[in-house]
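>
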Amino acid sequence: MSKKNNKTKRSTDELINDAIAQQNNWQENRREYTRGFLKSLNMFAKKSDKNNQENQSVNKDDIDAARRRRTGLSAYWFPVMCALIVIFIAIWVMFIRSPQPSRVIVVPSVPEPIIQTVKPDKKDIVVPEFDIVRIQNDGNVLIAGRWMENRGISIMVNGKIVATEQTNEYGEFVYVTMNPWKPGNYTIALLGTEPEVKSSDKVFVYISDAGSENSVSLLMTKDGSTLLQHPAMLTDGDLRVSKIDYLSTGRVVVTGDAMPRLRVSLALDGKYLGFARVSDYKHFGLGADVGDLETGREYELAVRLHDGDGRTVATVLHKFTMPEMTGDDDTYYTVRRGDCLWIIARNFLRRGILFSIIAERNNIENPDLIFPKQELQIPVDGK
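Using the working numbering, read the sequence shown as starting at 9 and increasing by one per residue.
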């Protein structure tokens with residue numbers, strides 16, 4: 009056991025001695041390298057005679073020292089190269105590379121794009137609604153609207169169910185008639201099934217004898233009416249003036265026929281007098297105060313038909329020479345389909361509430377019941 013320890017101790021001492029010897033050799037080589045480096049610098053200095061003599065007296069010892077210096081350089085080339093690299097990096101960091109402030113860039117996370125199918129805007133529709141009602145060139149009628157999705161919906165024309173369609177997943181439906189509709193007036197309503205719900209709005213359709221260009225579809229709501237299909241410039245047959253009355257009270261009353269649900273306006277010599285709405289039966293009556301007209305003077309009375317946007321679609325001009333008044337206090341009017349005593353009294357007597365005067369003069373027991381082609385005597389003086 010002691011021998012093993014002694015042997016180990018001797019080995020350690022040897023390692024230490026070898027390290028000290030290597031260190032001494034390294035220091036000696038470094039001194040030799042330094043002396044050689046300094047001598048190489050002296051080569052660039054001005055040579056003097058003394059130096060020449062010294063150079064000529066190079067002895068054997070100097071040659072041996074130069075050999076040892078070359079041996080030392082070749083032995084330590086790797087540490088020297090590493091030292092040069094470290095010095096170059098230090099110079100680049102301190103003088104060449106400009107310091108940049110450290111910045112932390114936070115990139116927000118971007119979610120993956122979600123591809124969705126764009127669907128029409130859908131709302132909860134309590135009752136069926138109209139979108140389009142159009143009279144086509146071939147005379148067929150196209151009806152489109154909305155209600156609850158995947159439900160049955162019936163189309164009612166003049167109170168009768170003519171077809172039943174199915175709404176799609178968006179609650180939309182389209183219906184086209186199989187046969188052209190004949191000229192005339194039609195009222196269209198919608199009736200939803202499961203549950204049974206009737207549309208609050210209706211569409212009035214007028215099919216003109218002149219074709220689809222002169223036909224009209226009118227959406228009727230509780231807030232008013234909206235024209236869905238506009239008529240083109242109409243012919244004289246779509247606006248007819250049947251009678252013009254000038255009363256001794258200075259009032260003009262015009263009656264005639266026009267496209268239903270549109271407006272008729274009246275003007276005398278370019279002065280606007282008022283308007284009236286055409287009934288579902290195409291009749292209208294319009295009265296206005298014009299004052300005293302001169303006997304023998306020529307006047308121009310203009311009756312115009314307007315669409316839902318106020319455009320003039322038909323005009324009838326009537327030029328007349330004012331005749332001498334006869335002094336009669338009464339005039340006569342022939343009742344037409346869709347008339348009522350209230351409208352007749354408003355046109356002739358200025359106020360609809362005076363309908364009782366007309367009823368009394370003509371011995372009408374029920375003022376709400378008058379008949380087409382019934383001739384009424386109108387007391388113009390209102391007595």
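Note that the Cβ used here is the ideal one computed from N, Cα and C, for glycine as well.
What you are looking at is a predicted structure, and each value in this text was computed from that prediction instead of being measured.
Between the Cα of residue 135 and those of 173, 308, 203 and 185, spot the shortest distance and give me the residue it belongs to.
Closest by alpha carbon: 203.
> For the structure I just gave you, are there three or more beta carbon pairs, one from the segment 299–313 and one from the segment 270–280, closer than 8 Å?
At 8 Å Cβ cutoff, the stretches touch.
> Between which residues of its own chain and residue 154 is the CB-CB distance below 6 Å, once the five residues before and five after are set aside?
Once the five neighbours on either side are set aside, the close Cβ partners of residue 154 are 133, 137, 179 and 180.
> Could you have a look at residue 103 and say whether DSSP puts it in helix, strand or coil?
Three-state DSSP puts residue 103 in a helix.
> Please determine if the segment 279–291 and the segment 341–357 are in contact, where contact requires at least 3 C-beta pairs separated by less than 8 Å.
The segment 279–291, when compared against the segment 341–357, does touch it at the 8 Å Cβ threshold.
> Run through the segment 131–164 for me and flag every whole alpha helix (DSSP H) of 4 or more residues, listed as ranges in chain order.
DSSP runs (the alpha helix (DSSP H)) wholly in the segment 131–164: none.
> Of the residues 229, 371 and 238, which one's Cα is nearest the Cα of residue 319?
Here the closest residue by C-alpha is 238.
> Start and end of the alpha helix (DSSP H) containing residue 353?
Its alpha helix (DSSP H) spans residues 349–357.
> Per the contact definition of three or more C-beta pairs closer than 8 Å, is the segment 193–213 in contact with the segment 154–174?
These segments touch.
> Along the alpha helix (DSSP H) that carries residue 256, what are the first and last residues, could you check?
That residue, residue 256, is in no alpha helix (DSSP H); it is neither H nor E in DSSP.
> Within 10 angstroms of the Cβ of residue 355, are there 16 or more other Cβ atoms? Answer buried if so, exposed if not.
Flag for residue 355 reads buried.
> Can you list, in chain order, the residues of its chain whose CB lies under 7 Å from that of residue 210, leaving out five sequence neighbours each side?
Only 195, 196, 197 and 228 meet the Cβ criterion.
> In terms of DSSP beta bridges, what is residue 293 paired with?
Beta-bridge pairing links residue 293 to 263.
> With burial defined as no fewer than 16 other Cβ atoms inside 10 Å of the residue's Cβ, what is the status of residue 365: buried or exposed?
It is buried - the Cβ of residue 365 has at least 16 other Cβ atoms within 10 Å.
> Closest to residue 350 by CA distance: which of 388, 363 and 340 is it?
Among 388, 363 and 340, the Cα nearest to that of residue 350 is on 363.
> For the putative contact between residue 384 and residue 374, defined by C-beta atoms under 8 Å, what is the C-beta separation to the nearest angstrom?
With 8 Å as the limit, residue 384 and residue 374 do not qualify as a contact, their Cβ atoms being about 14 Å apart.
> Strictly under 7 Å for the Cβ-Cβ distance: is residue 307 near chain D by that measure?
No chain D is part of this structure, which consists of one protein chain only.
> Go through the segment 357–387 residue by residue and report every complete run of the alpha helix (DSSP H) that reaches 4 residues or more, in order.
Within the segment 357–387, the complete alpha helix (DSSP H) runs of at least 4 residues are 363–369.
> My assumption, with CB atoms under 8 Å, is that residue 399 sits in contact with residue 296. Please give the rounded CB distance.
Coverage of the chain is limited to positions 9 through 391, which leaves residue 399 absent and any answer about it impossible.
> Give the range of the beta strand (DSSP E) segment to which residue 225 is assigned.
Note, residue 225: beta strand (DSSP E), 224–229.
> Tell me where the beta strand (DSSP E) around residue 312 begins and ends.
Unbroken beta strand (DSSP E) run through residue 312: 306–314.
> Report back the beta-carbon spacing between residue 314 and residue 270 to the nearest angstrom; my notes put them in contact at under 8 Å.
Contact flag correct, Cβ pair sits at about 6 Å.
> What whole-angstrom Cβ distance do residue 252 and residue 326 have, given they're in contact under 8 Å?
Contact holds; Cβ gap of about 6 Å.
> How would you label residue 212, buried or exposed, when you count the other beta carbons within 10 angstroms and need 16 or more for buried?
By the neighbour-count rule (16 or more Cβ atoms within 10 Å), residue 212 is buried.
> Given a cut-off of 7 Å, decide if residue 191 and residue 147 are closer than it, judged by their beta-carbon atoms.
Contact: no.
> With H, G and I counted as helix, E and B as strand and the rest as coil, what does DSSP make of residue 273?
Strand at residue 273.
> Quick check: residue 298 and residue 249, are their CB atoms within less than 7 Å of each other?
For residue 298 and residue 249, no; Cβs fall outside 7 Å.
> Report the CB separation of residue 149 from residue 185 in whole angstroms; it is logged as a contact under 8 Å.
Confirmed, about 5 Å.
> Answer with buried or exposed for residue 141, where buried requires no fewer than 16 other C-beta atoms within 10 angstroms of its C-beta.
Answer is buried; the Cβ neighbour count reaches 16.
> Would you call residue 102 buried or exposed, if buried means 16 or more other Cβ atoms sit within 10 Å of its Cβ?
With fewer than 16 other Cβ atoms within 10 Å, it is exposed.
> Check the C-beta distance from residue 316 over to residue 234 and give it rounded, since I have them as a contact under 8 Å.
The pair is a contact, with the Cβ atoms about 6 Å apart (cut-off 8 Å).
> Using CA atoms only, rank isn't needed, just tell me which of 324, 353 and 219 is closest to residue 143.
When only C-alpha atoms are compared, the closest one is 219.
> In whole angstroms, what is the alpha-carbon distance linking residue 303 and residue 254?
Cα to Cα, the separation comes out at about 12 Å.
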